[in-house]
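Trainee: Structure incoming, see below.
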Amino acid sequence: MVNQPSTLWAYSLDPSETCGGGGRFLRSAAVEIRVTIQNANAIVQRIGPCRIALDQAAFPELSRELALMGCETADIATGFPPRPHGLTAGFLSWTQPCANRAFAAALRPFDGMDVLVLQSDGQERRSLEGDLFAAGWQRHPGGMMPGEYPGWTAATLPGVSIWQRVRGSRGEWLGKGVEADALIARYATAATHVRPGDRVLVDGIGAADGASILMASSRAGSVVRVDDGQTSAGGETVNERFDRLADESIDLIVAIEPAVPADWLARLDDYARLLKYDGRIVIGWRQGNGDAKRPASWEDFSDAVSDRFLPEKRYVETALGPDPQGARAIFPIEADQVAATDWLMLVASVNPLLGAAHAQGYDHPGFPRARGPLPALVDFGSAYDNPWLYRSMVQMGERLGPDVKLARLAECVIEDSREDSADRGAAIAVLGYRVLEMRRGDLALSMLALIEAYVGLPLTDDMPVHVRRWRISLAFLAGRLNELADDRASAKRWYRAAAEADWSGFSPLLATKSIAATFFEARIHLADGDPQTALACFRQGADTALKAAAFPHDRQMGPDGQPLPFYLQELAEVIDMGSQCANALAHFPLWQRDPGLFWRQVDIRRFGLASWARDLERENERLRAA
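Be aware that the sequence shown starts at 1, since it is given in full-length UniProt numbering, and climbs by one per residue.
Here it is in structure tokens:
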């Protein structure tokens, strides 16, 4: 995160660099400025703007950049009087070859602070940690992200580590050294599966510290942990029988070596009972020896999970080199991929189709009904026959994986849902974009038939707004699929339908589809040599963006003081798309001069950033496999 002290501004101006070599010096200085900015940004991203003390004589540039990022900086050499409010932190760079009494002395000025950012230089880890623990520090619960696990070896700490002042009782595992690395890394990995607002149950070894890690590393709404009575850590707790937990009350279960009162199969049944119909579980056991406390093989484990959930992926932990005490990593593989490991860790979801008869119990944890009337944008409980499908099938970043399993879920919904339901529209969109992403032109016609039937239903005044939403989205998708099938005339027709659709009945955010439709239609007209029609399309796209920007947003954004977190960001995307249409209008004379020159002035990637990113990732995967 932060370079070693010897590399920070380690450039001197000698006579050879003042003339012909001056450019080299300036380039080196620019690199060091950029590195220092990155260092300060990395610190602030992890602990936030705060009051931070450091050796300002040794790190003047870092101190300056931290100040520019909102931190109040102080020189540790002149003292650091505490304040009653706000986080206080310290930055200590330790470059001496070993930890000795001098290191313990160097820690003392930071005694009253909440957080310590330690920069080390490959010294013996056990000695450094011994002094840190003795001085009242423990590992910060947000101090290891999944990708940082390889930096924590048995011999040394990573170049930068973050420590938390112990207030009350020390964490059972956060107060340990190398023996805690793997467990902390597993909880950090599990945190990547927490969705905004989730109520998380933590069951297993180190549950109290696991709960702290999840709360420090995710947007969980709340965490409840299984407490066997052997720890005094705070927070909501439940006994190992889950006596106080209602069925279908948990969004995510994180179970790392969980407690097993009877046998591990019965524990899986407990988890299935507690999870909501769009819930997910991250579960890991060390391979057992035939007892009832843990599965004896991956096959047993996978089969049992598959009987109760939809497996999504598994994680493998492995050494990155021949040294068993060296760097290790946790990485995901396909759920059915064979891997020789004694550690069994799996991610799985509840089948949301099981919730079809339980729509009345739905409450999105990120947008709970208790906050008051919900904007139509997020009133999924009223919009879908089976609202449990929303997070599992629709919401990008949260929905079921892998893509093949997601597509199969969409197929099931199409087969079973009402023809005029939002459920069906969403499922057609999910499956249609899968066809588009895979470039399966042979399947485009079958998807277009589904879209034609859905959009062809009569538009009535009482049609639910989410159905209207999917009609517009599917019209745009039909344009894309027709381009894939090389039917340009039909593509223009569908783009025109999406461009002229009334997005205001749902949300101005839906104007992205109408604006993108005008842009893509214009692109076809230009390629066909019809610049005047293209010009009209670009103008309509810019006008649509202005109308969306002028829309009365107060009724759309959510209650006062609790705006929908995505609203302004997606509104900015609407305006950004409109700006590219305006950009095309402004540079339109260049098209007559040189079409390539014209198109280089317009950022086409703004239209469908998510699709563009997925296409790029698939291409990277193909290159890695080659």
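Think of the CB as a built atom: it goes at the ideal place given N, C-alpha and C, for glycine as much as any other residue.
Is residue 162 close to the ligand NAD? I mean its beta-carbon at under 6 Å from any heavy atom of the ligand.
Mentor: Of ligands this structure carries none, so the ligand NAD is not represented either.
Trainee: If you follow the beta strand (DSSP E) that residue 75 is in, where does it begin and where does it stop?
Mentor: Looking at the DSSP string, the run of the beta strand (DSSP E) that includes residue 75 is 72-75.
Trainee: Looking only at DSSP bridge pairs, what is residue 311 linked to?
Mentor: According to DSSP, which records beta bridges pairwise, residue 311 is partnered with 348.
Trainee: Report the residue from 455, 77, 457, 410 whose alpha carbon sits nearest the alpha carbon of residue 434.
Mentor: When only C-alpha atoms are compared, the closest one is 410.
Trainee: Given this structure, state the Cα-to-Cα distance separating residue 374 from residue 519, to the nearest angstrom.
Mentor: When rounded, the distance between both Cα atoms is 32 Å.
Trainee: Which same chain residues, not among the five before or five after residue 453, have their C-beta less than 8 Å away from its C-beta?
Mentor: Closer than 8 Å at the Cβ level, and outside the excluded window around residue 453, lie 419.
Trainee: Evaluate the contact criterion for the stretch 249-258 versus the stretch 309-323: three or more CB pairs, one atom per stretch, below 8 Å.
Mentor: Too few Cβ pairs lie closer than 8 Å, so no.
Trainee: Would you mind sorting residue 357 into buried or exposed? The rule is 16 or more other CB atoms within 10 Å of its CB.
Mentor: Exposed: under 16 other Cβ atoms inside 10 Å.
Trainee: Between 534, 471, 393, 567, which has its C-alpha nearest residue 549's C-alpha?
Mentor: The shortest Cα separation from residue 549 among 534, 471, 393, 567 belongs to 567.
Trainee: Since I believe residue 208 is in contact with residue 175 (beta carbons under 8 Å), could you give me their beta-carbon distance rounded to a whole number of angstroms?
Mentor: Rounded, the Cβ-Cβ distance is 11 Å, inconsistent with contact.
Trainee: What residue range does the beta strand (DSSP E) around residue 223 cover?
Mentor: Counting along the chain, the beta strand (DSSP E) containing residue 223 begins and ends at 222-226.
Trainee: Answer yes or no: do residue 590 and residue 538 have a C-beta to C-beta separation smaller than 7 Å?
Mentor: No, they are not a contact pair.
Trainee: In the DSSP assignment, find the unbroken alpha helix (DSSP H) run with residue 133 in it and report its ends.
Mentor: Here the alpha helix (DSSP H) through residue 133 covers 125-134.
Trainee: Answer with buried or exposed for residue 127, where buried requires no fewer than 16 other C-beta atoms within 10 angstroms of its C-beta.
Mentor: Classification of residue 127: exposed, given that the 10 Å Cβ count is below 16.
Trainee: When you compare each of 148, 161, 97, 40 to residue 115 by their alpha carbons, which one comes out closest?
Mentor: Minimum Cα distance to residue 115 is reached at 161.
Trainee: Using DSSP bridges, identify the partner residues of residue 138.
Mentor: 164.
Trainee: Considering only residues of the same chain and omitting the five flanking positions on each side of residue 480, which have a CB-CB separation below 7 Å?
Mentor: Excluding sequence neighbours, residue 480 sits near 436.
Trainee: Can you give me the Cβ contacts of residue 181 inside the same chain, cut-off strictly under 6 Å, excluding the 5 residues immediately before and after it?
Mentor: Excluding positions up to five away in sequence, the list reads 152.
Trainee: Going by DSSP, what residue range makes up the beta strand (DSSP E) through residue 277?
Mentor: 275-286 is the span of the beta strand (DSSP E), which, as asked, contains residue 277.
Trainee: Can you tell me which of 570, 508, 603, 41 puts its alpha carbon nearest to the alpha carbon of residue 583?
Mentor: If we check each option's Cα against that of residue 583, 603 comes out closest.
Trainee: Got a sec? Which residues, its chain only, sit under 8 Å from residue 626 by beta carbon, not counting five neighbours each side?
Mentor: Residue placement at residue 626 cannot be trusted, given a pLDDT of 48 that sits under 50; what the coordinates show is reported in the next sentence. Nothing listed; no residue qualifies.
Trainee: Hey, quick one: how far does the beta strand (DSSP E) through residue 523 stretch, first residue to last?
Mentor: Careful: residue 523 lies outside any beta strand (DSSP E), inside the alpha helix (DSSP H) at 511-527.
Trainee: If you run the structure through DSSP and keep just helix, strand and coil, what is residue 338?
Mentor: In this structure, residue 338 counts as coil in the three-state DSSP scheme.
Trainee: Would you call the stretch 346-357 and the stretch 273-280 touching, i.e. three or more CB-CB distances under 8 Å?
Mentor: Segments in contact, yes.
Trainee: Please state whether DSSP places residue 200 in a helix, a strand or coil.
Mentor: The answer is strand: DSSP assigns residue 200 an E or B state.
Trainee: Does the structure place the stretch 43-62 close enough to the stretch 91-98 that three or more beta carbon pairs sit under 8 Å?
Mentor: At 8 Å Cβ cutoff, the stretches touch.
Trainee: DSSP three-state call for residue 538: helix, strand or coil?
Mentor: Residue 538 falls in the helix class under three-state DSSP.
Trainee: What residues in its chain sit with their C-beta under 6 Å from that of residue 381, if we drop five residues either side in the sequence?
Mentor: Correct list, in chain order: 362, 387.
Trainee: Whole angstroms is fine: what's the gap from residue 155's alpha carbon to residue 408's?
Mentor: Each residue's Cα considered, the two are about 47 Å apart.
Trainee: Along the chain, where does the beta strand (DSSP E) that runs through residue 579 open and close?
Mentor: Note, residue 579: premise wrong, no beta strand (DSSP E); alpha helix (DSSP H) at 567-586.
Trainee: Within a Cβ cutoff of 7 Å, which residues of the same chain sit near residue 670, ignoring the five residues on either side of it in sequence?
Mentor: There is simply no residue 670 to check, as the chain begins at 1 and stops at 626 in what is shown.
Trainee: Using a threshold of 7 Å, state whether the C-beta atoms of residue 499 and residue 517 are closer than that.
Mentor: Result yes, Cβ atoms of residue 499 and residue 517 sit closer than 7 Å.
Trainee: Going straight from the alpha carbon of residue 553 to that of residue 132, what length do you get?
Mentor: Whole-angstrom Cα-Cα distance: 52 Å.
Trainee: Where does residue 322 land, buried or exposed, given buried means 16+ other C-beta within 10 angstroms?
Mentor: With fewer than 16 Cβ atoms within 10 Å of its Cβ, residue 322 is classed as exposed.
Trainee: Quick check on the DSSP output: the beta strand (DSSP E) that includes residue 56 runs from which residue to which?
Mentor: No beta strand (DSSP E) contains residue 56, which DSSP labels as neither H nor E.
Trainee: With distances taken between CB atoms, is the gap from residue 341 to residue 305 smaller than 7 Å?
Mentor: No, the pair does not count as a contact, with Cβ atoms beyond the cut-off.
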